[in-house]
Amino acid sequence: SHAKEVLHCLKDKYFKELQNLEVDGQKVEMPQPLSWYPEELAWHTNLSRKILRKSPQLEKFHQFLVSETECGNISRQEAVSMIPPLLLNVNPHHKILDMCAAPGSKTAQLIEMLHADMNVPFPKGFVIANDVDNKRCYLLVHQAKRLNSPCIMVVNHDASSIPNLQIDVDGRKEVLFYDRILCDVPCSGDGTMRKNIDVWKKWTTQNSLQLHGLQLRIATRGVEQLAEGGRMVYSTCSLNPIENEAVIASLLEKSQGALELADVSSELPGLKRMPGITKWKVMLKDGQWFEEWKDVPSNRQTQIRPTMFPVKDEERLKAMNLERCLRILPHHQNTGGFFVAVLIKKSPMPWNKRQPKVHQKLPQRTGDTEVTVANSDNGSECITEEPTLDENEESKKMQELQNSDTEQSKKEGVCGPPPSKKMKLFGFKEDPFVFLPEDDPLFLPIQKFYALDPSFPKMNLLTRTQEGKKRQLYMVSKELRNVLLNNSEKMKVINTGIKVWSRNSDGEQFGCAFRLAQEGIYTLYPFIHARIINVCIEDVKILLTQENPFLSKFSSETQKKVKDMAMGSIVLKYDPDPEKPDDLQCPIVLCGWQGKTSLRAFVPKNERLHYLRMMGVEVFKAKRKDEESESKTEEEVQHRLAQTEEGMDVEDKEHDLVTKMEAEIGEESSHSPVESSAMEVENKIEDLDQSSKNANSPVSQESKDTGTSSGKD
């Protein structure tokens, strides 16, 4: 529902303002919807990044893009790289693996598809997003965090040897197979040459020869972990057949009929595409061409491999249906170049059908946990057969004896980093994920204070500290909890869970030491039965434009509801009125704090701006050239807000005081001002001197465009 409101705002406001606009003497082209993307939810603009950033006429539009991107309502992405997630056909119950996920735009699309129904706080499915590069994993976390989902886990592994994960199914350990896998492999990136200058300088035929083996290994690992009947999308931003059709043909060949290419010609109508090719040649850096493997001299057979050549046998080639692959060419619809293939798994891979006893006994003899993980990687699918399960249990018992400490911590719900020394050589050492014990005294006051529903899954609450005070409480879905608890030794988890409660020292005197966190409120809201105040749209505007408004400013209904409520953390809920179509038509849930004489919202800056934009309040602030122009602009903005609101005069004084207070108490997060001393501010605002000076200091939001040097996205 929020996406529809953003779209409405874009079309009715921002695009209209771009009409007849000229920048540097040139008329601005209007953004256009991508014809093949469902429900007009993707738009294309020809404005360059430089023009967007530098032109004063476009500053308002640029601020909108940056701010909405920050809080996860829009993503800026290359058009063709939106295709793979759409072709995965994701449903909310699907278990999804994104093998090479950074920087995370496609992962964001997948998360969005899981949460297709906003009324379901915990979809049954989840996304495990993996990347081999530790630093890029944090970029991935940043992208995924914007969407506030309890169903995403970011892990750090080499995709070509990503370990088999196990889950607990009715007390038995089973291997986790994924319903959907996105395999967007590292590539030479020659399809990005229109925007990526580096490609022109560095491209050689050698690039694809070096990448082919890795791409094939990643794709093979992917199909091994795919469930029968599942779908895997293989994609590259390259047009070189050695990175594309050669990989797919080789995969189909060795699958011996276990895989087939799906015919997706009827999906994404409006997308111009070319069929996959069936004939190509292989070229060396020095310009030598080869048509068949037998022509390759022996001294070149390490550079060129047999899997790089097309299949010569006509019948086998025809059975592969390589023409079902998609090739997107840049000049067809003004995009980058791209290759996509959709694979469906009909049966286990042939090398997994063998009797798996050898696989299982080998690691048992070595008695080394790490080797167990490595060897069981290959025999992934065999574990679906009954005899294997027993053996798998045996090997598990062996591990239990060796790793009694690890097992003990698992019983306590602690998921530490893997024991491998190799893992610790790169990247940060992650804090453990500690699930709240069943009888944790911490939870009772929270349950009582917010009158949580008996169905609330408290087992899914976790913290990142083993000792000392728990400052934040996070929440994951039941399915991800299962994955975390059963795989902590073999998996390097970078991040998972959304923050639902934060410790607040002032809260204790009112019966609960934890206040609600905005990022988890949409997940938590369905379970909360107390401390909810329904507010009208005018109240929402006051809450979002003023720092700590007095209760007297709110509607009489809101004042009545607040009167009988104890001080502390509260939920503020706005429900749209269908009879007022001009008002905001999507529900809003905000976290707030009720003081003695005032009511405030604890909402991050960009999210505040988002809701205000959706309600038609002008939030644009021009960049300041110097102190004078800054205060002048500020006055204009305040004047505009004052027309929407009454009694805005106190707001500046309150904001000034709150800013000062924040400085005094060294606030740890700009997202939630005065989280630990709401009471102090409360009391000071009561005696606020009406003549205190009017000095507001907004922080201008700069663009945080992240440039990635990789050929991906």
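So in full-length UniProt numbering, spot 336 of the sequence shown is number 336, and the numbers just go up one at a time.
Glycine included, each C-beta is placed from N, C-alpha and C at the ideal position.
- Excluding residues up to 5 positions away in sequence, CYS187, SER188, GLY189, ASP190, GLY191, SER208, ASN244, GLY337, PHE339 and GLY711 lie with their Cβ nearer than 8 angstroms to the Cβ of SER238 in the same chain.
- Residue range 605-614 is occupied by the alpha helix (DSSP H) that includes MET614.
- Taking 8 angstroms as the upper bound for CB-CB distance, ALA101 and ASP131 are in contact here, some 5 angstroms apart.
- When the beta-carbon positions are compared, SER502 and GLN472 come within less than 7 angstroms of each other.
- Shortest Cα-Cα distance from MET30 to any of GLN301, ASN20, TRP36 and ASP24 involves ASN20.
- Sixteen is the threshold: when 16 or more other Cβ atoms of the shown chains lie within 10 Å of the Cβ of LEU524, as they do, the residue is buried.
- Looking at the DSSP output, TYR474 bridges to LEU462 and LYS499.
- Apart from sequence neighbours up to five positions away, the residues of its chain that approach ARG464 with a beta-carbon distance below 6 angstroms are ASP431, ordered along the chain.
- By the Cβ neighbour-count rule, GLU467 is exposed, with fewer than 16 other Cβ atoms within 10 Å of its own.
- Boundaries for PHE510: no alpha helix (DSSP H) harbours it, and the DSSP string shows neither H nor E there.
- Nearest Cα to GLN518 within the set LEU147, GLN63, VAL90 and PHE554: LEU147.
- A contact is defined here as three or more CB-CB pairs under 8 angstroms, and the region 532-544 meets this definition with respect to the region 568-577.
- SER298 is classed as exposed because its beta carbon has fewer than 16 other beta carbons within 10 Å across all chains shown.
- Burial of GLY592 is indicated by the presence of at least 16 other C-beta atoms within 10 angstroms of its C-beta.
- Secondary structure at TRP289: strand, using DSSP grouped into helix, strand and coil.
- Counting every other CB atom within 10 Å of its CB across the protein chains shown gives GLU508 a total below 16, marking it as exposed.
- Here the C-alpha atom of LYS458 lies approximately 20 angstroms from the C-alpha atom of ILE532.
- Checking the DSSP bridge columns, you'll see TRP593 partnered with SER569 and ARG600.
- For a cut-off of 8 angstroms, the C-beta gap from CYS71 to GLU547 is around 19 angstroms, too long to register as a contact.
- If one requires a minimum length of 4 residues, the alpha helix (DSSP H) runs lying completely within the region 165-242 are 197-202 and 205-224, in chain order.
- Put simply, of ARG221, GLY595 and HIS115 the residue whose alpha carbon is nearest the alpha carbon of ASN164 is ARG221.
- If you compare the alpha carbons of HIS529, CYS512 and GLU315 with that of GLY568, the shortest gap goes to CYS512.
- Annotation for GLU17: the continuous alpha helix (DSSP H) segment containing it runs 15-18.
- Annotated three-state conformation of TYR37 is coil, per DSSP.
- Looking from the CA of TYR178, the closest CA among GLU224, SER149, ASP168 and HIS142 belongs to GLU224.
- PRO348 carries a coil assignment under DSSP once its states are collapsed to helix, strand and coil.
- Put simply, of THR204, PHE550 and LEU211 the residue whose alpha carbon is nearest the alpha carbon of GLN288 is THR204.
- In summary, THR302 is exposed, with fewer than 16 beta-carbon neighbours lying within 10 Å of its beta-carbon over all protein chains present.
- The Cβ atoms of ARG194 and MET274 do not sit closer than 7 angstroms to each other.
- Annotation for MET113: no beta strand (DSSP E) segment contains it, though the alpha helix (DSSP H) segment containing it runs 105-114.
- For the pair of segments examined, the region 136-147 was found to touch the region 95-112: the number of CB pairs separated by less than 8 angstroms reaches three.
- Non-local beta-carbon contacts of ALA144 in its own chain, meaning distances under 7 angstroms to residues more than five positions away in sequence, involve GLY104, THR107, ALA108, ILE111, ALA129, ILE152 and VAL154 in chain order.
- DSSP places TYR574 within a strand segment (E or B) once states are collapsed to three.
- A residue is called buried when at least 16 other Cβ atoms come within 10 angstroms of its Cβ; ASN534 does not meet this threshold and is exposed.
- In the DSSP assignment, LYS563 falls within the alpha helix (DSSP H) that extends over 556-563.
- Within its own chain, the residues whose Cβ lies closer than 7 angstroms to the Cβ of ASP184, once the five positions on either side in sequence are excluded, are PRO84, CYS100, LYS106, SER235 and LYS712, listed in chain order.
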